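Just below is one structure, and these are the notes that go with it.
Numbering (my numbering), first residue to last: 379 to 714.
As structure tokens, then:
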């Protein structure tokens, strides 16, 4: 992967106080009446991740509210940042059950440690906490409808993806539609409600929403690529995990469409195989290299990142705007 010129922590330095508030509220807002439940939820939250969605939410809020730029934002703004992270966390817990995953970000997954039944229920519990945050809001605005629509889209995307598992013939258009529902809608919702709670200027909100749509596409392409070229320690899971689970992702779709008939038939055979010995994995790596899949994926991801940055041109220059611009480049260059 190309080297990133700036780290995520450097980009987020302008919202470091905000992120501390979000981290504190993640634990505060998920406390239950039972210690054993808190132990499982704490395991989920402490598994960490980059907090991409809360970061995007906070930056979108601040870029649309840059004239005021207080050190701390209202408590209900931080709680919405918590809500989008809990939606994401719940989806990952459920994903690990569906995928029978043993690791999540380098730690034992909830389903592996406590079993599928507990994992499903904990994912559901996290969703109830999102509902509690939304129900406590005093203003009856568009936030509820935006978030509920994103959750519905995520579920639809996951269901369709499950139906299309082991489908070697998924088109690029179908792929992008599925991943937009699975991943993109929540990223877009995070940015949109961040902007919405920061301004009444519809032009600003539309610009942030446009940014988020392109950002989400770049994010997913790189996420797919990292499954093949990423470092296991950085990823917190084994490489080729998606491929072994029968998920046709962007690098494979591109390679399938580019390769000759002989390579295509072999690729289809390996993809549909019940097991994936090391020699098959090595062959896939060679095939991706042969057809320059990595270079193509990065090229397309950067094109989406550039579109995301272009969408911000109508916003006033500010530290938050600059951070969003940097986020678009960072997401292409990341290694995990």
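Glycine included, every Cβ here is placed at the ideal spot set by N, Cα and C. Note that the coordinates shown come from a computational prediction; the quantities given were computed from them, not determined experimentally.
If we ignore side chains and look at the alpha-carbon of each, how far apart do residue i and residue j end up?
| i | j | result |
| --- | --- | --- |
| residue 342 | residue 688 | With the chain represented from 379 up to 714, any question about residue 342 goes unanswered, as that position is not in the structure. |
| residue 379 | residue 660 | With a pLDDT of 47 at residue 379, under the threshold of 50, the predicted position of this residue should be treated as unreliable, and no value is reported. |
| residue 653 | residue 646 | 13 Å |
| residue 600 | residue 430 | 14 Å |
| residue 424 | residue 492 | 16 Å |
| residue 626 | residue 548 | 7 Å |
| residue 708 | residue 390 | 11 Å |
| residue 757 | residue 628 | Residue coverage of the chain in this structure runs from 379 to 714, which leaves residue 757 outside it and unanswerable. |
| residue 530 | residue 546 | 26 Å |
| residue 411 | residue 403 | 17 Å |
| residue 475 | residue 676 | 30 Å |
| residue 388 | residue 519 | 33 Å |
| residue 632 | residue 505 | 36 Å |
| residue 539 | residue 470 | 15 Å |
| residue 532 | residue 481 | 22 Å |
| residue 556 | residue 602 | 13 Å |
| residue 381 | residue 711 | For residue 381, the predicted structure reports a pLDDT of 48, less than 50, and the residue's modelled location is therefore unreliable. A value from the coordinates is still provided. Residue 381 and residue 711: Cα-Cα distance of roughly 6 Å. |
| residue 571 | residue 525 | 8 Å |
| residue 522 | residue 426 | 25 Å |
| residue 587 | residue 705 | 15 Å |
| residue 483 | residue 422 | 10 Å |
| residue 401 | residue 685 | 31 Å |
| residue 650 | residue 641 | 14 Å |
| residue 420 | residue 386 | 23 Å |
| residue 606 | residue 618 | 5 Å |
| residue 451 | residue 713 | 31 Å |
| residue 396 | residue 445 | 17 Å |
Residue i: buried (16+ other C-beta within 10 angstroms of its C-beta) or exposed?
| i | result |
| --- | --- |
| residue 589 | buried |
| residue 598 | buried |
| residue 409 | exposed |
| residue 495 | exposed |
| residue 616 | exposed |
| residue 502 | exposed |
| residue 701 | buried |
| residue 569 | buried |
| residue 580 | exposed |
| residue 432 | buried |
| residue 620 | buried |
| residue 319 | Outside the displayed span of the chain (379 to 714) sits residue 319, for which this structure offers no information. |
| residue 630 | buried |
| residue 604 | buried |
| residue 692 | exposed |
| residue 413 | exposed |
| residue 463 | buried |
| residue 517 | exposed |
| residue 666 | buried |
| residue 384 | exposed |
| residue 434 | buried |
| residue 436 | buried |
| residue 449 | exposed |
| residue 453 | exposed |
| residue 680 | buried |
Since residue i and residue j should fall inside the 8 Å C-beta cutoff, what is the C-beta to C-beta distance between them, to a whole number of angstroms?
| i | j | result |
| --- | --- | --- |
| residue 344 | residue 560 | This structure leaves residue 344 out entirely; the chain is present only between 379 and 714. |
| residue 583 | residue 573 | 5 Å |
| residue 418 | residue 537 | At roughly 25 Å, the Cβ-Cβ gap does not stay under 8 Å, so residue 418 and residue 537 are not in contact. |
Please state the DSSP three-state secondary structure of residue i.
| i | result |
| --- | --- |
| residue 495 | helix |
| residue 712 | coil |
| residue 626 | coil |
| residue 483 | coil |
| residue 448 | coil |
| residue 398 | helix |
| residue 509 | helix |
| residue 546 | coil |
| residue 537 | helix |
| residue 555 | helix |
| residue 564 | helix |
| residue 462 | helix |
| residue 579 | coil |
| residue 382 | Low confidence applies here, because residue 382 scores a pLDDT of 49, under 50, leaving its location unreliable; read the following figure in that light. Of the three classes helix, strand and coil, the one that applies to residue 382 here is coil, per DSSP. |
| residue 330 | Examination of residue 330 is not possible in this model, given that the chain is present from 379 through 714 alone. |
| residue 409 | coil |
| residue 504 | helix |
| residue 457 | helix |
| residue 639 | helix |
| residue 478 | coil |
| residue 609 | coil |
The ligand MG heavy atoms versus the CB of residue i: any closer than 7 Å?
| i | result |
| --- | --- |
| residue 403 | Because no ligand of any kind appears in the structure shown, any question about the ligand MG cannot be addressed here. |
Three or more C-beta pairs under 8 Å: does that hold for the segment 438-446 against the segment 687-696? Contact between the segment 438-446 and the segment 687-696 is present, because at least three Cβ pairs lie under 8 Å.
Taking 8 Å as the threshold, find out whether the segment 451-469 comes into contact with the segment 511-519 through three or more Cβ pairs. Touching, yes.
Is the segment 557-571 touching the segment 669-678 in the sense that three or more CB pairs, one from each, lie closer than 8 Å? Verdict: no, contact absent.
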